[in-house]
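Asks: Sequential numbering of the sequence shown, starting at 703, is according to our numbering.
Every residue, glycine too, gets a C-beta built ideally from N, C-alpha and C.
Nothing here was measured: the structure is a model prediction, and the numbers come from that model.
I have a structure here, written as structure tokens, and I will follow up with some questions on it.
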Amino acid sequence: MRATAGFVEVYGEKPAGVWAAPGRVNLIGEHTDYNDGFVLPFALPRRTVVAAAPDPGRRWTVWSEQAGERVSFGRADAAEPGRVTGWAAYVAGVVWALREADLDVPVARLAIASDVPLGAGLSSSAALEAAVQAALLDLGDLDVPVAQRPRLAQQAENGYVGAPTGIMDQSAVIRCRAGQALFLDCRSLAVEHVPFDLDAAGLAILVIDSRAPHRHVTGEYAARRAACEYAAAALGVPALRDVTIDDLDAALARLDDPVVRRRVRHVVTENHRVCQTVDLLRAGRLAEIGPLLTASHASMRDDFEITVPEVDTAVEAALAAGAYGARMTGGGFGGCVLALVDAAAADTVASAVARAYAERGFATPECFTALPGPGVERLG
Ligand code: ADP
Ligand code: MG
703 MRATAGFVEV YGEKPAGVWA APGRVNLIGE HTDYNDGFVL PFALPRRTVV AAAPDPGRRW
763 TVWSEQAGER VSFGRADAAE PGRVTGWAAY VAGVVWALRE ADLDVPVARL AIASDVPLGA
823 GLSSSAALEA AVQAALLDLG DLDVPVAQRP RLAQQAENGY VGAPTGIMDQ SAVIRCRAGQ
883 ALFLDCRSLA VEHVPFDLDA AGLAILVIDS RAPHRHVTGE YAARRAACEY AAAALGVPAL
943 RDVTIDDLDA ALARLDDPVV RRRVRHVVTE NHRVCQTVDL LRAGRLAEIG PLLTASHASM
1003 RDDFEITVPE VDTAVEAALA AGAYGARMTG GGFGGCVLAL VDAAAADTVA SAVARAYAER
1063 GFATPECFTA LPGPGVERLG
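If you want it as structure tokens, here you go:
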């Protein structure tokens, strides 16, 4: 295990324990989280592993194989957002959030290695936060119920790193279970573990990293949020989650701006698609969710306007090659596409996507198949 080997090399001793947290993909439910709506992520078999041990000194030290460096920070740094910057801010942020919750966080040495691609929309940030959080809680013998852990990890990212993300990523990497998807109500934070045994059904999710250069992501994300908040206020509801599919036409008729109308239509229909997907999964009708995935993509492309040519190309090529359904997953403007395929057809679909990319002169996409894996856990 690279994290353990890294720990031994960097610190000259064995770690006290090893923890792992997965990346995630969102099966369906995009830009619904900050509208108090529904999402349905599952955990990837790719993980971030943290080897750690208590440190008798006064400073936390963290080494990451991906960052290729070691960073240390003290109590004062971990007490004030902004004092640790760069990748180590995610680690300092976890310490900060736990201490803000009045927990006596142990000083520790950590070594991190991951095969979750960084910045590809598979939530390497939440994987890092969750693995570090689990390590510190266990090393400190701190008893924090699992239901409270995602919020504390999210606070690290919102309050210390300064990234205004929703609760989905941290909920997914902490609460997901193998063979299941996580149906999360982003308002109540209620979760249901929905059966999603792709393997038994002879299916797989092909994850295609579009490798599209991220374009204006932060500004576009903020603009989408603002449009949704504006629409909710105009409609007199706390959040767009409160507009149901049956209310949609009446709600649209009350909005003047055609752009805002499209944004609302995406959020309302997307919440509905999540619920329809969950119904099908509960009934074990896995392959039948395909059209809902494809409809979600069309809604993101036409109504929410967050796709780019690379992801549209990947979706079209995957469908043409026989995928049951395909959609961009993640915030948009790049990131990953997922396609529901027969397990035996995964390579054929991946090749078809690569060919379509080559024809358009796009950078070669990276593809891998994913079955739903476990959430954060202690490995040793
Ligand atoms: P995503 O979560 O989609 O991968 P983000 O931009 O939210 O993308 O988070 C990526 C950032 O998280 C990286 O730029 C880095 O700062 C940090 N990070 C994630 N995993 C690691 C790791 N294994 N080592 C160092 N930093 C990491
Ligand atoms: Mg992230």
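Where do the ends of the alpha helix (DSSP H) carrying residue 709 lie?
Replies: Working through the sequence shown from its first residue, we reach residue 709 at position 7. Here the alpha helix (DSSP H) through residue 709 covers 704-713.
Asks: Sorry if obvious, but does the Cβ on residue 862 come closer than 8 Å to a heavy atom of ligand 1?
Replies: For this step, residue 862 is matched to residue 160 along the sequence shown. Result no, Cβ not under 8 Å from ligand 1.
Asks: By the 10 Å Cβ neighbour count, where 16 or more other Cβ atoms means buried, how is residue 1005 classified, buried or exposed?
Replies: Taking the sequence shown and counting its residues from 1, one reaches residue 1005 at position 303. Answer is buried; the Cβ neighbour count reaches 16.
Asks: Is residue 984 close to chain B? Criterion is C-beta to C-beta, closer than 9 Å.
Replies: The structure shown contains no chain B; it is built from a single protein chain.
Asks: By alpha-carbon positions, which one of 1015, 1036, 1075 ends up nearest to residue 1054?
Replies: Indexing the sequence shown from 1 puts residue 1054 at position 352. The closest CA to that of residue 1054, considering only 1015, 1036, 1075, is found on 1015.
Asks: Cβ of residue 1106 versus every heavy atom of ligand 1: is any distance shorter than 8 Å?
Replies: Outside the displayed span of the chain (703 to 1082) sits residue 1106, for which this structure offers no information.
Asks: DSSP beta-bridge partners for residue 911?
Replies: Taking the sequence shown and counting its residues from 1, one reaches residue 911 at position 209. According to DSSP, which records beta bridges pairwise, residue 911 is partnered with 1038, 1068.
Asks: Taking contact to mean 3 or more Cβ pairs, one atom from each stretch, closer than 8 Å, check whether the region 852-864 and the region 797-811 are in contact.
Replies: yes
Asks: What did DSSP end up calling residue 732 once you bin it into helix, strand or coil?
Replies: Within the sequence shown, the letter at position 30 stands for residue 732. Of the three classes helix, strand and coil, the one that applies to residue 732 here is coil, per DSSP.
Asks: For residue 1023, I'd like the list of residues in its chain whose CB is within less than 7 Å of its CB, leaving aside the five on either flank, ordered along the chain.
Replies: Numbered from its first residue, the sequence shown carries residue 1023 at position 321. Cβ neighbours of residue 1023 beyond the five flanking positions: 1050, 1051, 1054.
Asks: Can you name the start and end residues of the alpha helix (DSSP H) that residue 998 belongs to?
Replies: Residue mapping note: residue 998 aligns to position 296 of the sequence shown, counting from 1. Unbroken alpha helix (DSSP H) run through residue 998: 992-1004.
Asks: Is DSSP giving residue 1079 helix, strand or coil here?
Replies: Sequence index remark: in the sequence shown, residue 1079 carries index 377 (1-based). For residue 1079, the secondary structure class from DSSP, reduced to helix, strand or coil, is strand.
Asks: Just to confirm before moving on: does the CB-CB distance between residue 991 and residue 729 stay below 9 Å?
Replies: Against the sequence shown, residue 991 aligns to sequence position 289. Against the sequence shown, residue 729 aligns to sequence position 27. Taking 9 Å as the Cβ cut-off, residue 991 and residue 729 qualify as a contacting pair.
Asks: Give me the Cα-Cα distance between residue 707 and residue 1082, rounded to the nearest whole angstrom.
Replies: Position 5 of the sequence shown holds residue 707. Position 380 of the sequence shown holds residue 1082. Between residue 707 and residue 1082, the alpha-carbon positions lie close to 14 Å from each other.
Asks: Take the Cβ of residue 890 as the centre, count every other Cβ of all protein chains shown within 10 Å, and call the residue buried at 16 or more, exposed below.
Replies: Walking along the sequence shown from the start, residue 890 turns up at place 188. Classification for residue 890: exposed.
Asks: Between residue 935 and residue 844, what straight-line distance do the alpha-carbon atoms span, to the nearest angstrom?
Replies: In the sequence shown, counting from the first residue as 1, residue 935 sits at position 233. In the sequence shown, counting from the first residue as 1, residue 844 sits at position 142. Residue 935 and residue 844: Cα-Cα distance of roughly 41 Å.
Asks: Is the CB-CB distance between residue 986 and residue 847 below 9 Å?
Replies: Within the sequence shown, residue 986 is the residue found at index 284, counting from 1. Within the sequence shown, residue 847 is the residue found at index 145, counting from 1. No.
Asks: Look at residue 969 and residue 737 and say whether their C-beta atoms are less than 9 Å apart.
Replies: Numbered from its first residue, the sequence shown carries residue 969 at position 267. Numbered from its first residue, the sequence shown carries residue 737 at position 35. The beta carbons of residue 969 and residue 737 sit closer together than 9 Å.
Asks: Can you find a heavy atom of ligand 1 that lies under 8 Å from the Cβ of residue 819?
Replies: Taking the sequence shown and counting its residues from 1, one reaches residue 819 at position 117. Yes, the beta carbon of residue 819 sits closer than 8 Å to at least one heavy atom of ligand 1.
Asks: If you check the beta carbons only, do residue 1008 and residue 931 fall under 9 Å apart?
Replies: Within the sequence shown, numbered from 1, the residue matching residue 1008 stands at position 306. Within the sequence shown, numbered from 1, the residue matching residue 931 stands at position 229. Contact: no.
Asks: Counting pairs of Cβ atoms below 8 Å between the region 764-781 and the region 904-918, do you hit three or more?
Replies: no
Asks: Comparing the CB of residue 899 with every heavy atom of ligand 2, is any distance shorter than 8 Å?
Replies: Translated into positions along the sequence shown, residue 899 becomes position 197. Not one heavy atom of ligand 2 lies closer than 8 Å to the C-beta of residue 899.
Asks: I need the straight-line Cα distance from residue 1056 to residue 780, nearest angstrom please.
Replies: Position 354 of the sequence shown, counting from 1, holds the residue named residue 1056. Position 78 of the sequence shown, counting from 1, holds the residue named residue 780. Using only the alpha carbons, I get a separation of about 44 Å.
Asks: Just tell me which of 871, 885, 752 has its CA closest to the CA of residue 716.
Replies: Within the sequence shown, residue 716 is the residue found at index 14, counting from 1. For residue 716, the nearest C-alpha among the options comes from 752.
Asks: With H, G and I counted as helix, E and B as strand and the rest as coil, what does DSSP make of residue 747?
Replies: Residue mapping note: residue 747 aligns to position 45 of the sequence shown, counting from 1. Residue state, collapsed to three classes: strand.
Asks: With a threshold of 8 Å (Cβ to nearest heavy atom), would residue 876 be considered close to ligand 1?
Replies: In the sequence shown, residue 876 corresponds to position 174, counting from 1. No.
Asks: Among the candidates 1043, 710, 1062, whose CA atom is the shortest distance from the CA of residue 901?
Replies: Along the sequence shown, read from residue 1 onward, the residue named residue 901 stands at position 199. Selected option, being the one with the closest Cα: 1043.
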